[in-house]
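Worksheet: the structure to be examined is printed underneath.
Numbering (my numbering), first residue to last: 19 to 534.
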């Protein structure tokens with residue numbers, strides 16, 4: 019019995035170290051006894067108790083049931099941030115040793131096993147995990163669709179290492195080191211921020227963080243967000259309650275944050291507010307607003323090629339109506355407010371054979387989309403996402419390329435979706451009024467196999483200029499070799515009505531995903 023007791027005491031000696039102890043908890047244990055410190059710590063945590071007269075009676079044998087009770091109490095209060103590898107191993111041995119007694123006492127051993135698993139995952143307070151993505155692409159045409167250099171391209175297009183540490187119940191540190199393969203900036207700290215919990219479910223992020231309100235509330239699928247999915251330095255706050263949440267942020271982009279692709283602006287403030295309310299399990303409504311306010315305004319050329327350093331605001335409402343579980347209607351309406359717009363005139367769109375007329379004088383363009391979303395649990399053989407979107411002439415996105423010139427890049431462009439399909443089809447959104455129809459189907463066959471089909475049709479209202487309408491379709495398969503390794507193979511075809519900025523092209527892609 020002494021052996022078992024010593025094992026338990028050692029297991030908790032480090033993890034349960036308390037800053038101070040009360041007076042001698044047991045009248046019959048002298049302060050110079052070899053087990054005094056261990057007993058004091060165990061008693062202070064409520065793991066062991068003495069007799070009503072204040073004695074411990076250390077020479078009296080302990081039953082296995084009493085020992086099992088102490089083990090259960092120990093696991094319930096173990097501080098995972100202070101547990102060492104040796105502590106966890108000892109506790110696992112104790113759970114195995116007293117499994118029958120714990121079962122007889124009504125203690126759910128499975129829950130104890132889960133508790134030990136959590137301890138192991140957060141060993142030492144740090145957790146590390148990551149992702150690697152490698153892609154091979156073979157195109158029919160050289161240097162055309164998808165910007166494949168030549169007709170073949172191998173890319174290590176993502177590697178990320180996450181590091182998190184739960185300091186205490188109110189503070190967690192989160193960092194990410196990585197490279198998305200899309201800029202020449204190389205490996206960098208893409209995230210580093212503190213997550214601080216306050217009373218009443220009030221949470222604040224401080225540092226360099228990412229937010230994506232559109233993805234959080236599932237108004238996008240397998241595509242880039244229109245305005246969120248941004249990484250900023252600053253403060254982000256969120257207050258949650260049973261029926262929704264309120265979120266806000268204030269951030270500032272510094273001159274040294276500029277890069278050649280994603281942030282051409284330099285110094286500017288960014289602000290945002292979002293209120294999301296769930297009326298019930300069938301209806302959700304959200305109101306949002308964002309602003310980008312450069313520190314200095316630069317002149318806007320009449321050519322319309324420089325819309326970078328002007329104040330830009332967007333306000334939108336989005337909703338979800340769940341008709342039945344897994345069958346929903348999603349909608350969103352956006353209003354932009356641009357501080358300056360280019361002067362009216364003819365703007366050269368980078369076509370290969372002509373110039374298109376673009377006036378682009380509207381300083382408050384609008385956009386909207388309507389989505390029908392059906393889960394595979396409803397249709398049984400596939401999920402379904404059908405989306406229609408309309409953009410006014412002059413429309414500008416906040417995501418990806420922030421040059422916002424005559425041909426701002428679209429949220430439908432330059433994005434690897436859920437299964438790797440790439441859609442550079444809407445290059446001229448903002449140059450003309452644009453309609454986009456998109457369908458995406460995914461079939462999950464079992465834990466190993468899945469397949470997908472997508473179709474996109476883009477129509478531009480560019481009367482008096484070149485015909486730029488485009489269509490795209492793709493088909494592919496996912497195979498999970500293990501829970502940590504996935505392979506995706508896809509074939510896609512892009513059809514441009516005339517050979518302008520791109521030629522008709524097709525592409526075969528093979529992608530490897532590693533999660534660790």
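Note that the Cβ used here is the ideal one computed from N, Cα and C, for glycine as well.
Small disclaimer: the values here were computed from a predicted structure and weren't measured.
Check, Outcome
"Segment contact flag, the region 254 to 267 with the region 235 to 245, C-beta cutoff 8 Å, min 3 pairs", "no"
"Residue of 272, 343, 263 minimising C-alpha distance to residue 304", "263"
"Proximity below 7 Å, CB of residue 493 to CB of residue 509", "yes"
"Burial state of residue 170 (16 or more Cβ within 10 Å)", "exposed"
"Collapsed DSSP secondary structure at residue 212 in the structure displayed", "strand"
"Nearest-angstrom Cα separation, counted from residue 112 out to residue 180", "32 Å"
"7 Å Cβ cutoff met for residue 236 and residue 209", "no"
"Closest Cα partner of residue 457 within the set 45, 239, 344", "239"
"Buried versus exposed, by CB contacts within 10 Å (16 or more), residue 381", "exposed"
"Nearest candidate by alpha-carbon position, reference residue 265, set 294, 248, 251, 288", "294"
"Residue 351 vs residue 386 beta-carbon contact at 7 Å", "yes"
"Burial state of residue 332 (16 or more Cβ within 10 Å)", "buried"
"N- and C-terminal bounds of the beta strand (DSSP E) containing residue 330", "330 to 342"
"Exposure label - residue 89; buried when at least 16 CB within 10 Å", "buried"
"Candidates 347, 334, 343, 383: closest to residue 356 by CA position", "383"
"Test item: CB-CB of residue 290 and residue 253 under 7 Å", "no"
"Residues near residue 5 by beta carbon distance below 6 Å, same chain, minus five either side", "With the chain represented from 19 up to 534, any question about residue 5 goes unanswered, as that position is not in the structure."
"Cβ pair residue 353, residue 338 closer than 7 Å", "no"
"Cα-Cα separation between residue 83 and residue 120, rounded to whole angstroms", "8 Å"
"N-terminal and C-terminal residue of the beta strand (DSSP E) that residue 451 is part of", "451 to 462"
"Ordered list of alpha helix (DSSP H) runs contained in the region 65 to 97, each at least 4 residues", "82 to 95"
"Contact check, residue 342 vs residue 409, beta carbons under 7 Å", "no"
"Between the CA atoms of residue 469 and residue 396 - distance to the nearest angstrom", "17 Å"
"Pair within 7 Å by beta-carbon distance, residue 144 and residue 178", "no"
"Through-space distance from residue 249 to residue 574, alpha-carbon basis", "Look at the range of the chain in this structure, 19 to 534, and you will see that residue 574 is not part of it."
"Three-state secondary structure assigned by DSSP to residue 496", "strand"
"Contact check, residue 455 vs residue 488, beta carbons under 7 Å", "no"
"Range of the contiguous beta strand (DSSP E) that encloses residue 218", "Segment: none, residue 218 is in no beta strand (DSSP E) and carries neither H nor E."
"Which of helix, strand or coil DSSP assigns to residue 60", "helix"
"Between the CA atoms of residue 471 and residue 460 - distance to the nearest angstrom", "7 Å"
"DSSP bridge partner residues for residue 391 (one or two, in chain order)", "346, 403"
"Cβ distance (whole Å) where residue 511 is taken to contact residue 491 below 8 Å", "6 Å"
"Exposure of residue 478, with buried meaning 16 or more beta-carbon neighbours within 10 Å", "buried"
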